[in-house]
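Written out below as structure tokens is the structure these notes cover.
In the numbering used here, the protein residues as written are 18 to 68.
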């Protein structure tokens, strides 16, 4: 059960990171969405990318 929880949490975090878009909030605070290709490179580097 522990491993399943870890895997589900990891997937949820990655999904949130991929779904995030650049946006501007209160007081013109800007948050930049992650570049998807760079995220793929990092996941590939640490053997976390599923084909």
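Backbone N, C-alpha and C fix where the C-beta goes; we use that ideal spot for every residue, glycine too.
Asked	Found
When you compare each of 25, 23, 53 and 44 to residue 36 by their alpha carbons, which one comes out closest?	53
Return yes when the Cβ of residue 39 is within less than 8 angstroms of the Cβ of residue 31, no when it is not.	no
Whole angstroms is fine: what's the gap from residue 34's alpha carbon to residue 51's?	7 angstroms
With DSSP collapsed to three states, give me the class of residue 30.	helix
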